[in-house]
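Note sheet for the following structure.
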Amino acid sequence: MTTQLSSSPAETEEVGARLAVGLRPGDLVLVAGELGTGKTTLIRGACRELGVTDQVTSPTFTIGRRYRGRVPVSHLDLYRLDSLAGEDPGLLDDYLTPDAVAFVEWPAAVEPLLGERRIARRVELRHAGGDHREVILRDQALGGER
1166 MTTQLSSSPA
1176 ETEEVGARLA
1186 VGLRPGDLVL
1196 VAGELGTGKT
1206 TLIRGACREL
1216 GVTDQVTSPT
1226 FTIGRRYRGR
1236 VPVSHLDLYR
1246 LDSLAGEDPG
1256 LLDDYLTPDA
1266 VAFVEWPAAV
1276 EPLLGERRIA
1286 RRVELRHAGG
1296 DHREVILRDQ
1306 ALGGER
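Every position in the sequence shown, counted from 1, becomes a number in the working numbering once 1165 is added.
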């Protein structure tokens, strides 16, 4: 586990870019944190590192977006979902695919259903006063640090 400090959106994007180094198709990155901590900003930086040139915005109202890069990238935002009960069972199938790196904001609703999927990293962003953020990175390979 490592904790990095960010004092601006640009620095948060840079943390995201470093986080993306070494990710490969099938990897899943769970991104948690309170509203306004910079989850989408971090993912934007990761997407740039993975070769995405499209504008990366929060998919809060559409659940997810797919982007083309060196590898396909899925970006899900599950803020509106307390659980997946009552949702279409295939709601996430187009996003959590073995050919893509997937980033999931607000992962609590889906985490119990991930089963065998490879969670490469868990990230938590926290407010640290003003524009400052703490970014806590946990690698998940082999059940612990990578």
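Note that the Cβ used here is the ideal one computed from N, Cα and C, for glycine as well.
Per DSSP, cross-strand counterpart(s) of residue i
i: residue 1270; result: 1196, 1242
i: residue 1302; result: 1167, 1288
i: residue 1283; result: 1192
Residue range of the alpha helix (DSSP H) that includes residue i
i: residue 1210; result: 1204-1214
i: residue 1174; result: 1174-1185
Euclidean distance between Cα positions of residue i and residue j
i: residue 1294; j: residue 1183; result: 23 Å
i: residue 1292; j: residue 1190; result: 31 Å
i: residue 1214; j: residue 1186; result: 7 Å
i: residue 1309; j: residue 1218; result: Confidence at residue 1309 is low in this model, with a pLDDT of 39, below 50, so its placement is unreliable and the value that follows should be read with caution. Straight-line Cα distance between these residues: approximately 32 Å.
i: residue 1168; j: residue 1270; result: 18 Å
i: residue 1212; j: residue 1166; result: 22 Å
i: residue 1282; j: residue 1179; result: 26 Å
i: residue 1234; j: residue 1260; result: 15 Å
i: residue 1175; j: residue 1227; result: 25 Å
i: residue 1240; j: residue 1172; result: 24 Å
i: residue 1195; j: residue 1236; result: 18 Å
i: residue 1242; j: residue 1170; result: 23 Å
i: residue 1198; j: residue 1273; result: 11 Å
i: residue 1285; j: residue 1296; result: 28 Å
Where the beta strand (DSSP E) through residue i begins and ends
i: residue 1230; result: 1229-1232
Whole-number beta carbon distance between residue j and residue i, since they are thought to touch under 8 Å
i: residue 1275; j: residue 1257; result: 7 Å
i: residue 1188; j: residue 1300; result: Not really, about 16 Å apart at Cβ, beyond 8 Å.
i: residue 1302; j: residue 1288; result: 6 Å
i: residue 1177; j: residue 1203; result: 4 Å
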